[in-house]
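Quick note on numbering: the sequence shown equals residues 151 to 522 in this note's numbering.
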Amino acid sequence: MKLQGVELRRINMPLLSPFRTSFSVQTSRDVLLLRAVTDEAEGWGECVAMADPLYSSEYVDATADVLRRFFLPALAAAPEALAQHGATAVGQVLHPFKGHRMAKAALEMAVLDAELRAADRSFGRELGAVHDRVPSGVSVGIYDEIPALLDAVGGYLDAGYLRIKLKIEPGWDIEPVKAVRERFGDDLLLQVDANTAYSLRDARHLARLDDFGLLLIEQPLEEEDVIGHAELATVISTPICLDESIVSAQSAAAAIKLGACSIINIKPGRVGGYLEAVRIHDVAAAHGVAAWCGGMLETGLGRAANAALAALPGFTLPGDVSASDRFYATDITEPLRIVDGHMPVPTGPGLGVTPLPELLDEVTTTVEWVAL
Ligand code: OSB
Ligand code: MG
Numbered sequence: 151m152k153l154q155g156v157e158l159r160r161i162n163m164p165l166l167s168p169f170r171t172s173f174s175v176q177t178s179r180d181v182l183l184l185r186a187v188t189d190e191a192e193g194w195g196e197c198v199a200m201a202d203p204l205y206s207s208e209y210v211d212a213t214a215d216v217l218r219r220f221f222l223p224a225l226a227a228a229p230e231a232l233a234q235h236g237a238t239a240v241g242q243v244l245h246p247f248k249g250h251r252m253a254k255a256a257l258e259m260a261v262l263d264a265e266l267r268a269a270d271r272s273f274g275r276e277l278g279a280v281h282d283r284v285p286s287g288v289s290v291g292i293y294d295e296i297p298a299l300l301d302a303v304g305g306y307l308d309a310g311y312l313r314i315k316l317k318i319e320p321g322w323d324i325e326p327v328k329a330v331r332e333r334f335g336d337d338l339l340l341q342v343d344a345n346t347a348y349s350l351r352d353a354r355h356l357a358r359l360d361d362f363g364l365l366l367i368e369q370p371l372e373e374e375d376v377i378g379h380a381e382l383a384t385v386i387s388t389p390i391c392l393d394e395s396i397v398s399a400q401s402a403a404a405a406i407k408l409g410a411c412s413i414i415n416i417k418p419g420r421v422g423g424y425l426e427a428v429r430i431h432d433v434a435a436a437h438g439v440a441a442w443c444g445g446m447l448e449t450g451l452g453r454a455a456n457a458a459l460a461a462l463p464g465f466t467l468p469g470d471v472s473a474s475d476r477f478y479a480t481d482i483t484e485p486l487r488i489v490d491g492h493m494p495v496p497t498g499p500g501l502g503v504t505p506l507p508e509l510l511d512e513v514t515t516t517v518e519w520v521a522l
């Protein structure tokens, strides 16, 4: 396979309603898409970095910059590695560059998609999927008032979602969880995500969540506070799940060994790509640690790939693999829908979905071609 060039395309997609977390309120999604053009096929990559460095240190403009300035030239200089090893070469060629995992992930995804389309193989088959559909959970933002939250959760349950994740922060935690539990019953699969909003001083307060039978609490403490999570695990009985702290298979192994988490949220973008995501899946499975696939408000492209990943055997909890219409009135691909609470795993070549040109053009803000 010979990589001829990569198109960097910025799109801006309005959200159906504002998505509030402990770190921001989002009303639109600014996304960098990559289109890798090879001599055999084209492939699409979606970068999950957000407009501001509030979830992680990466942000969209920085991912475009590091791709242009370092990653694309490095790939251009290693044509034999790509020809011999395909997408697995991307991680190796970019390994000397520290961090910037979301940018690396997007490039690897685009090259992998091109390679798989050329070989007529799906992401699911390549990554090791063992299911043809995955249970679908939904991430529910922070609301100003409990009644509005209950309406939103009720709507998602009516739509068939099998698991609810509530975003929490200090001042919006015990009460909303209690209200949702009381309204929708003990059988509801319910979990919370703090996006690093607490400190170890809040341990006693967080222990109050123990009464509500939560599946897990996701990333209560800061990204680098792995030891703090291990200490918190001795104070609260709700299982701790890490998101932001897990950036590689190595960091996953360390967090598990330290007792910082009993569950891992695996997001391909955060960890440098789908291939590293599979390695984290393997580490978690080997340790009996449950895993699930997280989301980053992806378009249909990332959503399709996430569905494939979530179909691996170690993804034993429902992921944030929701339908296109969870966030968007119109997706850039054919809309991904959930059926009986499950997202079908695409079976077509590569991602199994492709942007529809008219829809893509409607939301495109800039396009840049980088010849290699
Ligand atoms: O922490 O899981 C998170 C969205 C943006 C940034 C971080 C997170 C999220 C979500 C998932 O909660 C949203 C989704 O379903 O894509
Ligand atoms: Mg999270």
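Glycine included, C-beta positions come from ideal geometry on N, C-alpha and C.
Buried or exposed by the 16-neighbour rule on C-beta atoms within 10 Å, applied to residue i
i, result
"A298", "exposed"
"E152", "One point to set straight first is that residue 152 is Lys, not Glu, in the sequence displayed. Exposed: under 16 other Cβ atoms inside 10 Å."
"G304", "exposed"
"P168", "exposed"
"S206", "buried"
"H250", "buried"
"H379", "buried"
"D393", "buried"
"D294", "exposed"
"Q369", "buried"
"Q242", "exposed"
"V530", "Only positions 151 to 522 of the chain appear in the structure, and residue 530 is not among them; the question remains open."
"R487", "exposed"
"K315", "buried"
"R267", "buried"
"P507", "exposed"
"R185", "buried"
"V471", "buried"
"P463", "exposed"
"G438", "exposed"
"A455", "buried"
"P246", "exposed"
Three-state secondary structure assigned by DSSP to residue i
i, result
"V243", "helix"
"V271", "Position check: residue 271 holds Arg in this sequence, whereas Val was assumed. Looking at R271 - three-state DSSP - the assignment turns out to be coil, as it is neither helix nor strand."
"T213", "helix"
"L501", "coil"
"T188", "strand"
"M163", "strand"
"R487", "coil"
"A302", "helix"
"G363", "coil"
"Q369", "coil"
"I296", "helix"
"P229", "helix"
"I314", "strand"
"F169", "strand"
"I386", "coil"
"E265", "helix"
"F221", "helix"
"T238", "helix"
"P326", "helix"
"H379", "helix"
"S472", "coil"
"P507", "helix"
"G450", "helix"
"A461", "coil"
"D180", "strand"
"V198", "coil"
"V513", "helix"
Sequence-distant residues of the same chain with beta carbon closer than 8 Å to residue i, five excluded per side
i, result
"I430", "I396, S398, A399, A402, I414, I416, V421, A441"
"I386", "A353, L356, A357, L359, D360, I367"
"L165", "Q176, T177, S178, R179, L447, F477, Y478"
"W226", "Correcting the residue type first, residue 226 is Ala in the shown sequence and not Trp. Counting only Cβ-Cβ distances below 8 Å, and skipping sequence neighbours, we find L153, L522."
"T466", "A440, A441, W442"
Residues near residue i by beta carbon distance below 6 Å, same chain, minus five either side
i, result
"K317", "T171, G291, I292, D343"
"P389", "L366, S412, I413"
"A255", "P418, G419, G422, G423"
"A224", "V243"
"L262", "A237"
"A410", "V376, H379, A380"
"V517", "R159"
"I406", "H437, V439"
"S289", "K315, D470"
Sequence-distant residues of the same chain with beta carbon closer than 7 Å to residue i, five excluded per side
i, result
"V520", "G155, V156, L158, R218, L222"
"V116", "In this structure the chain extends from 151 to 522, so residue 116 is not present and cannot be described."
"F334", "V303, L307"
"E372", "T346"
"L312", "P285, S286, G287, L339, P468, G491"
"E196", "V181, L183, A256, M259, E448, T449, L451, G452"
Any C-beta of chain D under 8 Å from that of residue i
i, result
"A191", "The structure shown contains no chain D; it holds only a single protein chain."
Exercise answer, beta-carbon shell around ligand 2 heavy atoms below 5 Å: Working through the chain, the matches are D343, E368, D393.
Fully enclosed by the stretch 401–446, which beta strand (DSSP E) runs are 3 residues long or longer? The stretch 401–446 contains these whole beta strand (DSSP E) runs: 413–416, 440–443.
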